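In the working numbering, the protein residues as written are 2 to 822.
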């Protein structure tokens, strides 16, 4: 039960909230707050305020605009209240009530700390006590901006790394240093996809170094001390969150730290309130797993829609683009399920992408198909897919209508318009500019519901990819319903799609405002478009902060957004391209792609003309099947602009204690790399075996406190290592395989040593036909006397380290008779 607000004692100067690990100290006059590590007394943030920006508009003219801060208010009381986190028990929550009678506003600020742990959640709101409406621009539960404020980073850094999470699926995601300028595209058509709020060109030119504005969440890290802090909104259901950081190397301090909850000019009538979303702050953030706990809170606040399995399938786009037709589509379907033509892997979905519409780029008229390319419509295609036991998938851009489409002509009132009444061209699809639909218009909402119902219930699609979703809420649009924020408009339209599809249909979001989509989709593209080349005009466009299709940026985001996988949705790293012929990819680039996709655990979508793939390329796909069930993480993604390390790990009696680690060379030229085993959390008191997957080489034993030299990693290539802790001398030890990029954990079903019979039994299970090797260490003073089973190729790689080559279909069992030397 909430208690009545306590009347403020004039002698009361501060209020402290603590759980023994973390403490919030609230200064009542002038109102500010500080966060303190209660275990060691370290000041984390000092002198923080809250902020509220508003304007008054009459007859279309702005007559007042200002930002006010909590230290301008008078605190008139505080109270204990219900937790901001309803599913947790034992939390300590305190609300402070503020008043600013001269300006005509009240405000409140709530702090919530758990019974145990180091996270803090803050929420604030403002109440309009004026006799007329005001427009709220933003509400900030954290504003640290004056010389009296400080952070624990101040005074001891030469540089800070600030994690930048781009606005939507394709947007850049990596850490930025103080010497870099903020990533922000300069032109409107490039800004619409990648930024919630536009920046005029001359302001873009003058943007300062060391100023980063991240979307939803950021992590600030001192790369020298690895001191780190996570700050992010955990609720994204009604407003867009922005984290603004500005730091000065010359002054050795963070000059600005703000968590801003955009209200988009929401009209606040007299006595109405507007609040921020819940803000999460964590100093002890389990570096380098800095976003693990944060993602759990986002999952619960946003009611994430997870899926029972990670899809492994096919998509037409990156080979055919919009030139796909029914004949080619069905040809690839037949090859994919033919065990003679494809004995290597199986699929569970088959998706038709852009190109089926009546004409190129004709978005909006989704029920019609091109008479020449798909003369029978979509239903026969769906029936063909389901007859093969696969899930039929379709791409649509539901919030778009081509200017020449029947939809745009029939319903001009459905189009999103700017303040001058002109339809907004929110994006560019297949060479055509597209109008955006107004997601608040009742006709649009009915259209979305009817369209998805038709595709699912009448045609039979069970997998729907919805693309270019950002275009419905681009900056500058005027909604039919002017009382909602852009995010409320977006989520309401997305939930219309979700409800029409039902729980049994997999929805993949793409080109989507990321954190605002949690709970609406099952899967999410988290990267830029890939391509059959590493980069495209990168030397020029990267200077303009323009991200264009290319494998480089797709793989970068696969690493830097890996924390989202299986917490917010199934990550989609974009399609898999394995062809050397007909592409501009090198073998080493393809190996890097397979490595990072395979370790990520995200969904796999092959995009090829399967008829043109040779057996070697098909076998590369099989290295990813089945999908590894656990997400990977990068030990250095918060300190390296292009992370070099990406890894998974595990332990079992069969597979030993192992880590699979990718060491990536992002440079064009070959480079040497030294892997410090301490960077991947190896025990310095133990020794480890090191296997090189792509080179099928044994690299020897290394102590956990030492380093491993990896010379001449090819340009855009990688080393994929399995690092296994040395076990008891009298036991054999699995060191890896070449059948899967995870190297044993998925396909080695049995690895059993019988000391009495002196036999080692190895059983492999993996659907399809495969050829490869198993690597293992024999017990000390044992050697192989005989092998029971088919013909095997045995190789001694080092003392007691053995390689066995074998071929099998679906499963194989090898029994080794051993002799003691």
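Each residue gets a CB set at the ideal place from its N, CA and C atoms; glycine is no exception.
Fair warning: this is a prediction, and the values are worked out from it, not measured in the lab.
| Item | Value |
| --- | --- |
| Distance between residue 109 and residue 30 (C-alpha atoms, nearest Å) | 15 Å |
| Close-in-space but distant-in-sequence residues of the same chain around residue 330 (CB under 8 Å, 5 per side omitted) | 317, 353 and 382 |
| Same chain, Cβ closer than 6 Å to residue 625, neighbours up to 5 away in sequence not counted | 599 and 605 |
| Bridge-paired residues (DSSP) for residue 576 | BP columns for residue 576 are empty, so no partner. |
| Chain-order list of residues whose beta-carbon lies under 8 Å from that of residue 296 (same chain, five-residue window excluded) | 564, 565, 568 and 569 |
| Residue nearest to residue 348 in terms of C-alpha spacing, selected from 360, 358, 335 and 356 | 335 |
| Residue 10 versus residue 266: straight-line alpha-carbon distance, rounded | With a pLDDT of 47 at residue 10, under the threshold of 50, the modelled position of this residue cannot be trusted, and the question is left open. |
| Delimiting residues of the beta strand (DSSP E) encompassing residue 363 | Counting along the chain, residue 363 falls outside any beta strand (DSSP E), and DSSP gives it neither H nor E. |
| Buried versus exposed call for residue 339 [16 or more other C-beta atoms within 10 Å across all chains shown] | exposed |
| Proximity to residue 443 [Cα-Cα], best of 497, 749, 70 and 174 | 497 |
| Reference residue 756, options 779, 766, 727 and 270, closest by Cα | 779 |
| Own chain, CB closer than 8 Å to residue 121, minus 5 neighbours either side, in chain order | 23, 25, 36, 112, 113, 114, 281, 282 and 283 |
| Residues near residue 8 in its chain [Cβ-Cβ closer than 7 Å; skip 5 each side] | In this prediction, residue 8 scores a pLDDT of 46, lower than 50, which makes its location untrustworthy; the coordinate-derived value is nonetheless stated afterwards. Closer than 7 Å at the Cβ level, and outside the excluded window around residue 8, lie 78. |
| Counted within 10 angstroms of its Cβ, other Cβ atoms place residue 388 as buried (16 or more) or exposed | exposed |
| Beta carbon of residue 638 nearer than 8 Å to that of residue 699 | no |
| Helix, strand or coil at residue 593 [DSSP, three-state] | helix |
| Residue 425 (DSSP reduced to helix, strand or coil) | coil |
| Status (buried if at least 16 other CB within 10 Å, exposed otherwise) for residue 573 | buried |
| Beta-bridge pairing of residue 519 - partner residues as DSSP gives them | Paired residue(s): none; residue 519 is not in a bridge. |
| Status (buried if at least 16 other CB within 10 Å, exposed otherwise) for residue 804 | buried |
| Three-state class that DSSP yields for residue 391 in the structure shown | coil |
| Cβ pair count under 8 Å reaching 3, the stretch 412–422 against the stretch 444–455 | yes |
| For residue 142, the three-state DSSP class (helix, strand or coil) | strand |
| Residue 712 - containing beta strand (DSSP E), residue span | 708–714 |
| Inter-stretch contact (C-beta, 8 Å, three-pair minimum) for the stretch 761–769 and the stretch 696–714 | no |
| For residue 435: DSSP bridge partner residues | 428 |
| Alpha-carbon spacing of residue 634 relative to residue 560, whole angstroms | 7 Å |
| Residue 193 - containing alpha helix (DSSP H), residue span | 189–195 |
| Pairwise C-alpha distance: residue 597 and residue 135 | 50 Å |
| Inter-residue CB distance, residue 350 and residue 307 (contact presumed, cutoff 8 Å) | The Cβ separation is near 17 Å, so there is no contact. |
| Stretch pair the stretch 179–199 + the stretch 76–90: three plus CB contacts closer than 8 Å | no |
| Residue 149 (DSSP reduced to helix, strand or coil) | coil |
| For residue 325 and residue 613, the rounded distance between their alpha carbons | 15 Å |
| Start and end residues, alpha helix (DSSP H) containing residue 494 | 487–502 |
| Those residues which DSSP pairs with residue 182 across a bridge | 210 |
| Collapsed DSSP secondary structure at residue 1 in the structure displayed | Coverage of the chain is limited to positions 2 through 822, which leaves residue 1 absent and any answer about it impossible. |
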